[in-house]
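Chains as they are written, first to last, in full-length UniProt numbering: chain A, 1 to 341; chain B, 1 to 341; chain C, 1 to 341; chain D, 1 to 341.
Protein chains: 4
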Amino acid sequence: MIIVMKKSADKEQLAAVEAKISELGYQPHVIYGETRNVIGAVGEERGKEKLQILQSMAGVDNVVPILKPYKLASLEVQQEPSTIEIVPGLTIGGKEFIVGAGPCAVETREQICETAVAVKAAGARMLRGGAFKPRTSPYSFQGMEEEGLKLLAEARELTGLPIVTEVVNPRDVELVARYADVMQVGARNTQNFALLKMLGQLDKPILLKRGMATTIQEFLMSAEYILSEGNRRVILCERGIRTFETATRNTLDLSAIPVLKQQTHLPVVIDPSHGTGHSALVPAMCYAAAAAGADGLLVEVHPCPENATSDGPQSLRPDDFAAMMNKLRRFVDVCERTMAG
Amino acid sequence: MIIVMKKSADKEQLAAVEAKISELGYQPHVIYGETRNVIGAVGEERGKEKLQILQSMAGVDNVVPILKPYKLASLEVQQEPSTIEIVPGLTIGGKEFIVGAGPCAVETREQICETAVAVKAAGARMLRGGAFKPRTSPYSFQGMEEEGLKLLAEARELTGLPIVTEVVNPRDVELVARYADVMQVGARNTQNFALLKMLGQLDKPILLKRGMATTIQEFLMSAEYILSEGNRRVILCERGIRTFETATRNTLDLSAIPVLKQQTHLPVVIDPSHGTGHSALVPAMCYAAAAAGADGLLVEVHPCPENATSDGPQSLRPDDFAAMMNKLRRFVDVCERTMAG
Amino acid sequence: MIIVMKKSADKEQLAAVEAKISELGYQPHVIYGETRNVIGAVGEERGKEKLQILQSMAGVDNVVPILKPYKLASLEVQQEPSTIEIVPGLTIGGKEFIVGAGPCAVETREQICETAVAVKAAGARMLRGGAFKPRTSPYSFQGMEEEGLKLLAEARELTGLPIVTEVVNPRDVELVARYADVMQVGARNTQNFALLKMLGQLDKPILLKRGMATTIQEFLMSAEYILSEGNRRVILCERGIRTFETATRNTLDLSAIPVLKQQTHLPVVIDPSHGTGHSALVPAMCYAAAAAGADGLLVEVHPCPENATSDGPQSLRPDDFAAMMNKLRRFVDVCERTMAG
Amino acid sequence: MIIVMKKSADKEQLAAVEAKISELGYQPHVIYGETRNVIGAVGEERGKEKLQILQSMAGVDNVVPILKPYKLASLEVQQEPSTIEIVPGLTIGGKEFIVGAGPCAVETREQICETAVAVKAAGARMLRGGAFKPRTSPYSFQGMEEEGLKLLAEARELTGLPIVTEVVNPRDVELVARYADVMQVGARNTQNFALLKMLGQLDKPILLKRGMATTIQEFLMSAEYILSEGNRRVILCERGIRTFETATRNTLDLSAIPVLKQQTHLPVVIDPSHGTGHSALVPAMCYAAAAAGADGLLVEVHPCPENATSDGPQSLRPDDFAAMMNKLRRFVDVCERTMAG
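Next up, the structure:
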């Protein structure tokens with residue numbers, strides 16, 4: 001932390017701030033400037049956020065944090081990218097570019113099985129599908145719950161694809177974990193710390209979505225909640241942030257890919273379906289995500305988008321998905337990575 | 001819903017959309033325009049969001065919702081403002097302007113009791129204080145939990161002030177409800193629908209904060225989650241939204257007050273402490289909130305902000321709080337409302 | 001500036017950064033930390049932004065500015081609030097709370113004169129009205145240009161109210177200045193530096209609106225463009241910023257009032273008409289602005305909003321304006337300020 | 001436009017709105033709903049925005065625009081992508097992917113010539129460089145003005161690369177046009193309509209940057225200002241929008257590429273330097289832009305970023321630029337486009 005004193009601060013105020021820094025367990029180092037003084041606080045990094053309270057002291061203009069508050073997620077702790085085992089024989093974060101695909105919500109046995117077969121044939125390596133749906137309106141379809149999980153398990157049986165599915169309630173963690181291969185945390189729960197802590201105690205990979213108004217630093221702090229409980233298998237997923245633009249459902253922040261790669265060893269996947277909200281925009285964003293260095297994608301596919309119970313407008317039809325995958329493969333090639341199929 | 005067809009849409013596409021609207025249980029009414037056609041879908045309002053899927057059909061340019069999706073929160077259901085009983089003898093939403101005050105987090109018996117006595121003397125009618133703290137970093141103080149709830153109860157005993165405190169985990173609802181008079185839902189949980197549904201089954205008032213990236217319409221939909229479970233005592237709290245501006249912690253959206261008053265009968269309170277993040281900005285925003293027609297305030301007060309475990313920079317000292325309340329009273333007067341003290 | 005070195009930075013990199021700081025005319029002061037080093041650069045504040053380039057050097061993690069870049073607008077240069085003479089006998093920034101009112105655009109002699117008489121009767125002290133209109137669409141009405149300025153002058157003749165009107169093109173500065181008492185810079189021109197520089201050479205007050213995506217610091221830098229050319233009569237106007245919320249046209253940032261009052265001596269007025277976009281929301285925001293400490297208001301009033309060529313939905317009718325002014329007067333009273341009428 | 005009546009609206013109010021629609025030159029078509037009525041207004045699309053004023057009428061809940069307000073920029077007017085001649089023998093919007101590169105500001109003959117030679121060797125087809133610089137602070141370097149234009153012309157002479165350079169003041173249009181091959185409008189001038197109109201009368205291509213808070217629809221309306229004056233050579237440039245995220249200077253909105261391609265025939269280029277603000281993030285965004293279907297790039301390159309007078313931190317060194325171009329070429333290949341070099 002750097003404590004910036006006001007121009008008008010006097011010696012007593014400076015001394016009081018120095019004393020407070022010492023009291024909090026840090027050593028104050030004053031830089032005497034031409035028009036004002038600043039103080040560096042030297043010491044143990046963890047816990048430095050408590051120095052923020054100096055902002056309430058007389059003569060203090062500003063307290064400027066200079067360090068990133070996360071540890072386990074940071075490249076400073078682990079410089080090599082993490083490769084995370086999803087299921088035996090399938091890892092993410094390594095040479096293979098991983099595509100997960102499937103409907104927003106599980107609706108029927110037919111729907112989920114048909115989709116699973118189709119996306120597998122096109123090269124997907126994971127099946128996504130929601131059984132617990134967080135919906136803005138209490139009057140919208142809320143998901144098939146355990147029945148949906150069972151249908152996902154059937155689709156896995158049929159195709160061998162591991163399942164990614166969302167958990168929204170700490171109470172359901174155990175239930176969802178009985179079926180899921182990867183537990184998904186949705187954008188509305190990125191800072192549901194009670195849920196994150198429980199997931200940190202599981203022995204399963206967690207796919208953590210970025211919240212609509214979550215900065216990248218906060219996103220990594222949410223990952224840190226899971227990591228610090230002992231679960232090191234966290235996959236980060238950018239899915240669009242909320243901005244003033246209304247042409248898209250959200251603004252997909254693809255620059256998050258290189259930013260995250262500079263700061264963390266965790267794998268990064270992109271969800272262009274929620275990111276854009278319109279199926280016609282999805283393929284371009286899939287190609288861009290691969291080119292920007294993502295480790296994979298999560299794409300909504302529905303056999304009949306106009307009958308979907310949720311998110312139809314952003315779901316690809318199976319044949320459009322297959323066409324996208326074919327072109328995607330060529331961009332992935334340029335990145336010197338591989339893709340199934 | 002209004003379905004806007006593309007200029008290039010042909011008769012077959014128009015007919016297909018009409019047929020789909022009928023299939024979904026609505027009657028299509030086509031308006032034939034000079035350059036393009038639009039279709040209105042007439043019928044039962046609840047459930048109309050399913051018409052969104054028409055956007056996936058050939059020839060459709062856009063699907064435009066024209067109605068608000070919430071019901072129980074709306075003025076169309078109840079035109080008179082709701083006055084909500086907090087505890088016997090204390091209501092919000094009526095003639096009295098209600099101020100809740102207290103520290104961000106409960107820290108010690110002394111701290112919470114001293115604050116309670118001070119804020120009561122200054123005219124506060126509720127005591128706020130967090131026992132379960134959702135913190136961005138897993139390494140920050142997470143609250144005293146049940147121990148904190150007990151201290152709040154002691155402070156209530158001492159002063160008679162009812163307690164507003166946050167619940168962050170559906171698992172803790174019962175525990176928190178044993179102590180709290182008003183259950184608070186924080187900004188990170190505005191769309192934690194599992195939590196909202198449980199609170200909808202309680203017989204206690206709920207103070208629901210707006211999320212950092214929650215539109216007013218979504219905010220009302222979150223209230224609807226509670227209302228539709230049977231609990232009609234919902235108090236809405238604007239606490240700042242996330243924007244590009246960094247001079248303040250959030251951007252306090254005071255225009256939300258008249259907007260909400262146009263759309264809902266639920267009471268509206270303002271939290272200028274989180275809204276601005278700087279104690280020096282809080283009094284001006286308290287006055288503005290009252291003048292704009294809010295029903296009350298939630299203000300952070302700490303006996304010694306520079307020792308606070310969280311949010312010190314935005315907490316008022318007790319004497320600054322008292323000074324603010326004195327001036328506030330005169331603005332409340334102009335609004336023809338009353339204030340305690 | 002504080003230069004934060006990477007954990008991995010070696011001695012050579014540290015030395016190179018120190019050398020570069022010296023070369024740029026500052027003295028480097030290193031604080032040796034437990035896990036990384038930071039360097040303070042001491043010297044003349046003006047021009048310090050050039051130290052940003054150190055960010056390109058090997059071993060540098062981050063360059064953190066600690067000072068505000070504006071000077072003439074700052075409280076450090078002038079601690080007393082500026083009171084600015086609009087015309088002889090009328091000042092803003094002092095004890096009187098000043099309301100300017102009038103239509104978005106001048107349309108006819110009747111319209112502008114009728115409005116001028118009505119707003120004066122209700123207590124307005126300035127007449128606003130646009131003759132040059134920056135419109136999003138080239139196909140929308142672009143203003144009456146000089147003809148409109150002449151009508152404004154007639155309305156001034158009739159009522160004695162000084163005129164506030166917008167200039168959008170550096171080429172028109174001289175023309176507009178022949179008619180206007182206060183030159184307005186609209187939100188789309190807040191960073192039109194060519195225009196600001198020209199206005200800095202005028203001997204007339206400038207009403208500078210904040211841009212839709214302009215931070216408060218950038219807003220003050222734009223004021224600095226005018227001030228640094230010699231014109232010290234700058235009035236700042238907050239008129240809403242662009243956020244994700246769509247219930248209002250913009251999000252009116254009333255916390256900008258106390259923030260600006262902490263940082264600058266310049267007067268601050270609020271435009272709740274553009275800030276909200278809906279006339280029904282305007283009165284509440286007028287009261288809130290006064291309570292928050294603004295020095296005045298700019299309000300759109302039109303004799304017949306449903307016939308307005310622009311911004312009808314946000315314009316008050318004269319009788320609604322008069323009612324608002326009556327109630328406003330009582331809030332202004334509490335602020336210990338005066339109002340005409 | 002669709003006019004949504006309130007539930008509580010009575011017959012007289014409905015009739016009054018119908019009458020007003022007719023008076024404004026449109027035919028009203030009422031759809032009688034179960035709980036409320038809506039009215040479609042049929043007629044000439046241009047000018048329909050004037051129907052917005054119906055929002056001020058009694059009984060009206062909302063006025064919903066259903067059409068895009070731009071014409072000449074739209075795909076409905078021209079379905080084939082525009083290929084725009086930059087100089088004889090060089091077009092953009094066709095099969096060739098065009099990279100423009102160069103320093104933020106022209107500083108010396110050596111700097112601009114060295115850069116021009118280097119970027120040409122790496123495959124750039126245009127030289128960018130600013131002679132008139134819009135800077136946030138009046139105390140920052142404002143550009144070399146005409147001297148800079150002359151140096152750009154020398155660099156063109158030396159390399160044959162056409163020049164892209166910014167004009168910020170309508171007064172300077174003629175001067176800049178004497179030197180520039182492509183006139184650039186910066187992000188702060190996207191809605192400087194006076195400037196746009198003048199550029200619409202030139203016979204030169206215009207590179208129009210999107211403003212920091214400009215929606216895609218407004219961006220196309222700004223293009224429309226140029227097109228409607230007769231100049232059909234407009235190149236759109238996305239350069240990042242302002243959001244809450246601070247890890248990047250702006251948030252580069254790559255989804256704008258497919259959105260624009262759905263709505264307009266104009267070519268689209270991406271500026272990842274301003275979009276991200278950090279040179280280390282630029283290459284990933286270049287690859288992503290190409291993969292997403294952009295027609296070209298504008299990239300900042302400086303021979304010695306740590307000596308740059310502006311934007312050093314986001315400028316690539318020539319060798320990093322060359323390395324980026326080599327990898328970029330392979331992504332462009334996959335897009336079935338060509339690149340020079």
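Even for Gly, the Cβ is constructed at its ideal location relative to N, Cα and C.
Alpha-carbon spacing of residue i relative to residue j, whole angstroms
{"i": "Ile-226 of chain C", "j": "Cys-237 of chain C", "result": "15 Å"}
{"i": "Leu-220 of chain C", "j": "Gln-263 of chain C", "result": "9 Å"}
{"i": "Asn-326 of chain A", "j": "Ala-122 of chain A", "result": "8 Å"}
{"i": "Gly-25 of chain D", "j": "Gly-43 of chain D", "result": "8 Å"}
{"i": "Arg-249 of chain B", "j": "Met-1 of chain C", "result": "22 Å"}
{"i": "Gly-186 of chain B", "j": "Lys-20 of chain D", "result": "46 Å"}
{"i": "Leu-51 of chain A", "j": "Ile-3 of chain A", "result": "9 Å"}
{"i": "Arg-188 of chain D", "j": "Gln-142 of chain D", "result": "15 Å"}
{"i": "Gly-160 of chain A", "j": "Leu-297 of chain A", "result": "19 Å"}
{"i": "Ala-280 of chain C", "j": "Ala-294 of chain B", "result": "16 Å"}
{"i": "Asp-181 of chain D", "j": "Glu-166 of chain D", "result": "11 Å"}
{"i": "Leu-328 of chain A", "j": "Ala-292 of chain C", "result": "55 Å"}
{"i": "Val-60 of chain B", "j": "Pro-283 of chain A", "result": "20 Å"}
{"i": "residue 353 of chain B", "j": "Met-212 of chain B", "result": "This structure leaves residue 353 of chain B out entirely; chain B is present only between 1 and 341."}
Residue i CB to nearest heavy atom of the ligand FMN below 6 Å
{"i": "Pro-258 of chain A", "result": "What this structure holds is no ligand at all, so the ligand FMN is not there to describe."}
For residue i, three-class secondary structure by DSSP
{"i": "Ser-74 of chain A", "result": "strand"}
{"i": "Asp-253 of chain D", "result": "coil"}
{"i": "Thr-276 of chain D", "result": "helix"}
{"i": "Met-57 of chain D", "result": "coil"}
{"i": "Thr-115 of chain B", "result": "helix"}
Assigned exposure category for residue i - 16 Cβ within 10 Å defines buried
{"i": "Arg-131 of chain A", "result": "Contrary to the premise, residue 131 of chain A reads as Ala rather than Arg in this sequence. Classification of Ala-131 of chain A: buried, given that the 10 Å Cβ count is 16 or more."}
{"i": "Glu-34 of chain C", "result": "exposed"}
{"i": "Asp-319 of chain B", "result": "exposed"}
{"i": "Asp-271 of chain A", "result": "buried"}
{"i": "Pro-205 of chain A", "result": "buried"}
{"i": "Pro-88 of chain B", "result": "exposed"}
{"i": "Lys-209 of chain A", "result": "buried"}
{"i": "Gln-184 of chain D", "result": "buried"}
{"i": "Arg-109 of chain A", "result": "exposed"}
{"i": "Val-119 of chain C", "result": "buried"}
{"i": "Tyr-287 of chain A", "result": "buried"}
{"i": "Gly-200 of chain C", "result": "buried"}
Inter-residue CB distance, residue i and residue j (contact presumed, cutoff 8 Å)
{"i": "Val-106 of chain B", "j": "Leu-152 of chain B", "result": "6 Å"}
{"i": "Pro-162 of chain B", "j": "Leu-195 of chain B", "result": "At roughly 21 Å, the Cβ-Cβ gap does not stay under 8 Å, so Pro-162 of chain B and Leu-195 of chain B are not in contact."}
{"i": "Pro-303 of chain A", "j": "Gln-111 of chain A", "result": "6 Å"}
{"i": "Thr-214 of chain D", "j": "Thr-190 of chain D", "result": "5 Å"}
{"i": "Ile-216 of chain C", "j": "Leu-260 of chain C", "result": "7 Å"}
Continuous alpha helix (DSSP H) assignments of at least 4 residues falling wholly in the stretch 195-227 of chain B: 216-227
Ranges of the beta strand (DSSP E) found wholly within the stretch 264-326 of chain B, counting only runs of at least 3: 268-270 and 296-300
Completely contained beta strand (DSSP E) runs for the stretch 8-37 of chain C, where each covers 3 or more residues: 27-32
Start-end ranges of the beta strand (DSSP E) lying completely within the stretch 90-144 of chain A, minimum 3 residues: List check, beta strand (DSSP E) in window: 90-92, 98-102 and 126-128.
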